[in-house]
Structures are given as C-alpha cells and as structure tokens.
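**Student:**
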Amino acid sequence: MADKLATLGFRSFLSHQFLKRSVAAVSCRYANTLSNETVEKHRTSTLAHDKEQKEEKKISAPAPPGLKHVHPEFLPNPTFYRRDRIKEKLERQDMYRRRAVCPIPEFYVGSIMAVTLADPYASGKTNRFVGICIQRASYGLRANFTLRNVVDNQGLEIRYDMYSPLIQKVEVLRLEKRLDDELFYLRDAPAEFSTVPFNLEAVSHPPGAPVPVNTTKVKLGPRPWHERWERRNLRGVQDLGLPEKFYEKAKKVAKPWEEYDLMLKYRTSINPQETDEVMDEVAEGFREIERKRRREKLEKS
Numbered sequence: 001m002a003d004k005l006a007t008l009g010f011r012s013f014l015s016h017q018f019l020k021r022s023v024a025a026v027s028c029r030y031a032n033t034l035s036n037e038t039v040e041k042h043r044t045s046t047l048a049h050d051k052e053q054k055e056e057k058k059i060s061a062p063a064p065p066g067l068k069h070v071h072p073e074f075l076p077n078p079t080f081y082r083r084d085r086i087k088e089k090l091e092r093q094d095m096y097r098r099r100a101v102c103p104i105p106e107f108y109v110g111s112i113m114a115v116t117l118a119d120p121y122a123s124g125k126t127n128r129f130v131g132i133c134i135q136r137a138s139y140g141l142r143a144n145f146t147l148r149n150v151v152d153n154q155g156l157e158i159r160y161d162m163y164s165p166l167i168q169k170v171e172v173l174r175l176e177k178r179l180d181d182e183l184f185y186l187r188d189a190p191a192e193f194s195t196v197p198f199n200l201e202a203v204s205h206p207p208g209a210p211v212p213v214n215t216t217k218v219k220l221g222p223r224p225w226h227e228r229w230e231r232r233n234l235r236g237v238q239d240l241g242l243p244e245k246f247y248e249k250a251k252k253v254a255k256p257w258e259e260y261d262l263m264l265k266y267r268t269s270i271n272p273q274e275t276d277e278v279m280d281e282v283a284e285g286f287r288e289i290e291r292k293r294r295r296e297k298l299e300k301s
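Take the sequence shown: its position 131, counting from 1, is numbered 131 in full-length UniProt numbering, and each next residue is one higher.
(1) Could you tell me the distance, in whole angstroms, from the CA atom of P272 to the CA atom of S301?
(2) Using the Cα positions of E192 and D119, report the straight-line distance between them to the nearest angstrom.
(3) Tell me where the beta strand (DSSP E) around R174 begins and ends.
(4) Smallest Cα separation from A189: which of R43, Y260, E176 and H226?
(5) Classify R293 as helix, strand or coil using the three-state DSSP reduction.
(6) Could you check whether V172 and F107 sit closer than 7 Å to each other, using their CB atoms as the reference points?
(7) Decide yes or no for the touch test of the segment 75-88 against the segment 133-145: beta carbon pairs closer than 8 Å, at least 3 of them.
(8) Within a Cβ cutoff of 6 Å, which residues of the same chain sit near V213, ignoring the five residues on either side of it in sequence?
(9) Are the segment 147-154 and the segment 86-100 touching, with three or more C-beta to C-beta distances below 8 Å?
(10) Tell me, please, which residues DSSP counts as bridged to Q135.
(11) How many angstroms separate the CA atom of S164 from the CA atom of R99?
(12) Do you know whose CA, among K219, L264, F246 and G285, lies nearest Q238's CA?
(13) Assuming A250 is part of the alpha helix (DSSP H), what are its boundary residues?
(14) Nearest CA to the CA of P197: which residue from Q135, V130 and D181?
(15) Measuring CA to CA, which of E37, V115 and P224 is closest to I167?
Written out as structure tokens, the structure is:
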C-alpha cells in the first residue's frame with residue numbers, strides 16, 4: 001500500500017512540475033505582446049481622463065480579390081499567442097516604406113527569380129543570384145523566401161529576408177506557380193529540375209492575365225531522401241515506386257480528419273473579416289506608394 005501511495009505521489013509531483021513548466025512557457029510567450037482585449041480595455045477604461053478615439057482610416061476602394069494570395073506576408077500571424085495588433089500595424093508601415101524604396105514584384109512558389117544583394121566583399125559590391133523559389137514563409141518583417149539553383153553540380157539554396165535593407169533589387173524572370181506549396185523535394189531530384197541559367201532573360205507577364213501553373217511532375221532519385229515524401233500529399237512528384245509496406249506505414253501516421261477539423265482551420269488561419277480589413281489597408285498603402293512615385297517623377301521632370 002505504501003508503495004502505491006509513493007508511486008501516486010511521484011506521479012502527481014511530475015504532473016505538477018509539467019504544469020509549472022507549461023504555464024511558465026505560455027507566460028513568457030505573452031510577455032512581449034499585448035492581446036487585442038487588453039488594448040481595448042485600456043483604451044476604453046473609465047480611469048482614463050481623455051478616452052482615446054479609435055482612428056478609422058478612410059479607404060478609397062476595397063482591395064482587389066486575391067490580394068491575400070499575392071502578398072500573404074501582410075496577414076497577421078495566425079498563432080494566437082504571437083498576436084499584437086499594435087506591432088502588426090507598425091510593421092506594416094515599415095513594410096510600405098521599404099517597398100517604396102525597393103519594389104517587390106508579385107511572385108509565387110515555383111517562380112524563377114533573381115535577387116541583387118549588397119555584398120561588400122564582391123568585386124562590384126553586389127551579388128546577384130538566380131534560382132527557383134521553393135519556399136515562402138513567415139509574416140510581417142520576418143517574411144522570407146528561398147531560392148534554389150544548381151551551380152557546378154552542387155545544389156545551392158539561399159534564403160532572403162524579403163524586407164532586408166541589403167536587398168537592392170528583386171526580379172521575377174518567369175512568373176508561374178507549381179502544384180505544391182513547397183518544393184523541398186527538389187533536393188532529392190536530379191539536377192535538371194533545379195538548374196536555371198544565370199543569363200536567363202525575363203519573360204514579361206501581361207498585367208491582369210492569370211498566372212500560369214507549371215504542371216511538371218518531378219522524378220525523385222533513389223532513397224535515402226531528406227524526408228519521407230510518401231507521407232506527404234505531393235501532387236508535383238511522379239510515382240515514387242516504393243514497396244507497399246512504405247505506404248501502409250504512411251497510412252498509420254496519416255491524419256485524414258484534419259481536412260474536416262473546423263477548429264484547427266480556425267486556429268491556423270485569420271478570419272475573413274479581419275483579412276478583408278487588413279487587405280483593404282494594404283491596398284490603400286500600395287496606392288499611396290504609387291501616388292508618391294508619380295509625384296517624384298513629376299518633380300524630376
């Protein structure tokens with residue numbers, strides 16, 4: 001009996017320590033942010049002498065449809081404990097200022113791009129890299145994208161911070177999409193699928209025309225791979241040709257119910273109302289940048 005009580009006490013001690021660590025972790029995540037509820041509570045508090053009025057910026061026109069897919073980095077981080085409305089608004093203002101200096105064209109995963117970066121150790125103080133965009137990640141000023149190319153039979157990947165002051169020019173040589181949201185499987189594919197010549201000429205895309213989708217199916221090389229691609233629902237890869245036991249293991253770890261999990265989608269995305277508000281503000285910010293450029297051209301002329 002004493003042994004059972006001791007075991008129960010030890011288990012309760014472990015659970016208590018686990019809860020303490022969990023609470024401490026959550027508290028640390030909230031330490032440098034303010035929730036929307038806290039901001040509204042202080043703004044409308046009866047203790048304030050002069051209640052701050054919420055400033056509503058006038059929007060001349062709603063955002064064009066599909067703008068959230070063109071510029072997803074302007075959307076807030078869907079992770080709720082990383083949300084801070086004040087920080088998000090200040091970051092968007094910085095992003096507008098950076099785009100006014102260095103325009104960033106429309107691009108997607110699968111587009112062929114060229115980035116000119118300031119490099120004090122290069123001969124011309126600049127470095128230009130050409131490659132296929134294989135990933136686009138993060139939000140706000142931390143938004144980044146990764147380019148991949150094969151140089152001298154060696155695969156090279158460079159991740160660029162989209163709003164880094166070192167970037168001097170971003171070019172889209174060929175605007176297109178792929179069947180998958182990430183192209184990391186190109187690491188396990190033959191070099192021909194990742195090779196892009198550095199002297200590739202830019203292909204103009206008519207404004208307003210739909211973005212073409214590259215339906216190329218990539219043939220992966222033999223195992224071992226960087227990841228278990230048979231466990232990923234990939235559409236841009238040919239048949240992997242694996243034994244049946246690999247697919248049986250993939251079915252055991254699969255989570256098909258996540259496709260219908262409404263709460264999971266709610267926690268990992270921004271609601272449509274807030275998305276429309278942010279995109280309307282972004283569209284207005286782009287119009288202001290365009291008006292500023294026109295004024296500068298008139299002053300120079």
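Glycine is no exception: its CB is placed at the ideal position from the N, C-alpha and C atoms.
**Tutor:** Judging by the given coordinates:
(1) 43 Å
(2) 29 Å
(3) I167 to R174
(4) H226
(5) helix
(6) yes
(7) yes
(8) K177
(9) no
(10) T146
(11) 11 Å
(12) It is K219.
(13) E244 to V253
(14) V130
(15) That would be V115, whose Cα lies nearest to the Cα of I167.
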